[in-house]
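Numbering-wise (the numbering used here), the sequence shown opens with residue 25 and increments by one.
Glycine included, C-beta positions come from ideal geometry on N, C-alpha and C.
Because the structure is a prediction, the values reported are computed rather than measured.
To start, the structure itself, in structure tokens.
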Amino acid sequence: MNIFKKTKNNKGMILPLVLVVLVVLSILGITVLSISLAENKESAYQENKMQAYYLARAGAEAVAKHIIDMPSDIINIKGKTSDITRIDNSDKGYFQVQVKEISSSELNIISTGTVGMHSEGVTLSLKKSSGSSISKLENALYVNSSIEFTGSTKIKGSVMTNFTDASQILFDNSGEQYITGDLLVLNSSMKKADINRWGTNYGYKIQGSLKLSDTSMPTFEMPVFPTYPLESGSLPGINNTLKLDWSNSPYTIINSGYYKGGIEVPPGEILNINVKDSDMIIRTKYLRVGGVIKINKTGIGKVYVYIDGTDQSDFQVSSGMINVDGNSNDLLIYFKTNIFDTNGNMIVNASIYGRQSNIHIGGSDKINGNIIAGGTSVKVDGDVSANVRVIYAPNAAVNLDGSGKIKGSIIAQSLKMTGGSLLEYASLVEDSSLDIIFGSSGSYKYDKWK
Numbered sequence: 025m026n027i028f029k030k031t032k033n034n035k036g037m038i039l040p041l042v043l044v045v046l047v048v049l050s051i052l053g054i055t056v057l058s059i060s061l062a063e064n065k066e067s068a069y070q071e072n073k074m075q076a077y078y079l080a081r082a083g084a085e086a087v088a089k090h091i092i093d094m095p096s097d098i099i100n101i102k103g104k105t106s107d108i109t110r111i112d113n114s115d116k117g118y119f120q121v122q123v124k125e126i127s128s129s130e131l132n133i134i135s136t137g138t139v140g141m142h143s144e145g146v147t148l149s150l151k152k153s154s155g156s157s158i159s160k161l162e163n164a165l166y167v168n169s170s171i172e173f174t175g176s177t178k179i180k181g182s183v184m185t186n187f188t189d190a191s192q193i194l195f196d197n198s199g200e201q202y203i204t205g206d207l208l209v210l211n212s213s214m215k216k217a218d219i220n221r222w223g224t225n226y227g228y229k230i231q232g233s234l235k236l237s238d239t240s241m242p243t244f245e246m247p248v249f250p251t252y253p254l255e256s257g258s259l260p261g262i263n264n265t266l267k268l269d270w271s272n273s274p275y276t277i278i279n280s281g282y283y284k285g286g287i288e289v290p291p292g293e294i295l296n297i298n299v300k301d302s303d304m305i306i307r308t309k310y311l312r313v314g315g316v317i318k319i320n321k322t323g324i325g326k327v328y329v330y331i332d333g334t335d336q337s338d339f340q341v342s343s344g345m346i347n348v349d350g351n352s353n354d355l356l357i358y359f360k361t362n363i364f365d366t367n368g369n370m371i372v373n374a375s376i377y378g379r380q381s382n383i384h385i386g387g388s389d390k391i392n393g394n395i396i397a398g399g400t401s402v403k404v405d406g407d408v409s410a411n412v413r414v415i416y417a418p419n420a421a422v423n424l425d426g427s428g429k430i431k432g433s434i435i436a437q438s439l440k441m442t443g444g445s446l447l448e449y450a451s452l453v454e455d456s457s458l459d460i461i462f463g464s465s466g467s468y469k470y471d472k473w474k
């Protein structure tokens, strides 16, 4: 006996059921596809993000290595953004790098890597581990061949020499002459009693000890003279001479430039140079200053001046004033003239580097900064006042005459002091211009990723 009642015909329900199943399967398939596409998109995003990050790191590390290996090239790259750079020409990703100076001892390398539409940025900090290669000067004078005193001349500080014979140091009976510190020599048998001239002993004028140096005097070589920056988008050429007169003075320079016709600031005229965080580069055929050049600094940038001409008239500062109210670390002047002769009433707060120059600073000149001279003669006379970190002239005979006063250290082949001249050692302070000229003995080192 059939306990179930016979139902009506169900054939008409098959089509809707199939449609429902197809819709469900379609939704399920679309969902699975969407999830798969989203996962692929997320995977591609994460892959691009990772590639961009490592490209940024690679760019920062490449620039950091260049700075560590060639610190003198910092001037050419800091404050600038690199071109788009690909590790391989076929790569779809690239990086760009900017070097930003935070202080005289710290740089930030800011690098951005880009892959597709995605960019990642990193910052690598570099810090300078120590000062310049000559920053540890501890003596007033480093001299290779001879010292001669006449008149009331004095060295306040110690003297390091390569002397092996007492005849290499000469005093006389005129005036009040002395060395307040030690005299370091290379002959262990040399005594103060050996310091004689015309039958008179002058060893007592060395108020410190005459003693054997622990080491021979360092070899002082001329630092590499820089290659001048070329005309470019960031150093546009200016063909006309910049000569100031009543119609355009005071004149203000706010951008780097290559002054092919030269720069002249006559007496009574004023040239302002405004510098912010980026360095100011000025290349010029000549620089003649009888008036005033003011460095107006509102950031951490420095001013670099490169003078092309080799004639004596191409770098003149007769009775002119340069950066008179500023810090000498903020201005560095490179020049190629064979003679730099002031003999006036100039005031210069800058470091100057003459490639093969013989230098004469006289009259009532005042210079605050470093003097680097590649010639064979440096003469300071008159009533000169020079507060320097160093007069660096290892190939030169240096003469101090009149009432000229030098405060700092001198590196010379020989030194002759006459009149009432004075050399007084001054303890060293941080000097970023020397780091630029000579390079840093410790250079830059990795600090941290930011």
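With 16 other Cβ atoms within 10 Å as the buried cut-off, status of residue i
i, result
"V412", "buried"
"I305", "buried"
"S198", "exposed"
"P260", "exposed"
"L254", "exposed"
"L236", "exposed"
"G323", "exposed"
"K116", "exposed"
"P274", "exposed"
"G257", "exposed"
"S445", "buried"
Residue from the options whose Cα sits closest to the Cα of residue i
i, options, result
"I363", "I385, L355, N347, G344", "I385"
"S182", "S135, L254, I230, A190", "I230"
"S433", "M441, Y449, T366, P253", "Y449"
"I294", "R81, A374, V348", "V348"
"N423", "S302, M370, N100, E172", "E172"
"S427", "D459, L148, D389", "D389"
"I101", "D425, D115, L79, K124", "K124"
"K300", "Y228, K318, I278", "I278"
"G227", "F462, I193, E245, I319", "I193"
"N163", "S129, G232, I108, F195", "G232"
"V341", "K321, I319, Y358, M370", "M370"
"I346", "D338, I357, S337", "I357"
"D109", "I92, R81, L131, D93", "Going by the sequence as given, residue 109 is Thr instead of Asp. Selected option, being the one with the closest Cα: R81."
"S337", "G325, S381, I319, N320", "S381"
CB-CB length for residue i against residue j, believed under 8 angstroms
i, j, result
"I297", "V327", "6 angstroms"
"L447", "I179", "5 angstroms"
"S352", "P291", "Contact flag wrong, Cβ pair sits at about 23 angstroms."
"I391", "A410", "5 angstroms"
"I133", "A84", "5 angstroms"
"T188", "L210", "5 angstroms"
"T442", "T174", "5 angstroms"
"A481", "S143", "Lying outside 25 to 474, the shown extent of the chain, residue 481 is not represented and no answer is given."
"P247", "I461", "5 angstroms"
Reduced DSSP category for residue i - H, G, I as helix; E, B as strand; rest coil
i, result
"I92", "helix"
"L254", "coil"
"A436", "strand"
"G476", "Any answer about residue 476 is impossible in this case: the structure gives the chain only from 25 up to 474."
"Y470", "strand"
"M184", "strand"
"G137", "strand"
"D303", "coil"
"S456", "helix"
"L79", "helix"
"F364", "strand"
"V123", "strand"
"N163", "coil"
"N392", "strand"
"F244", "coil"
"N353", "helix"
"F339", "strand"
"Y328", "strand"
"A421", "strand"
"V87", "helix"
"K429", "strand"
"S191", "helix"
Sub-8 angstroms separation of residue i and residue j beta-carbons
i, j, result
"A88", "L150", "yes"
"G286", "Y310", "yes"
"S375", "S457", "yes"
"G378", "G406", "no"
"L268", "Y283", "no"
"V313", "V329", "no"
"K360", "I395", "no"
"P95", "Y416", "no"
"L207", "T243", "no"
"F119", "L148", "no"
"N373", "G350", "yes"
"S169", "S438", "yes"
"D303", "G103", "yes"
"N72", "V139", "yes"
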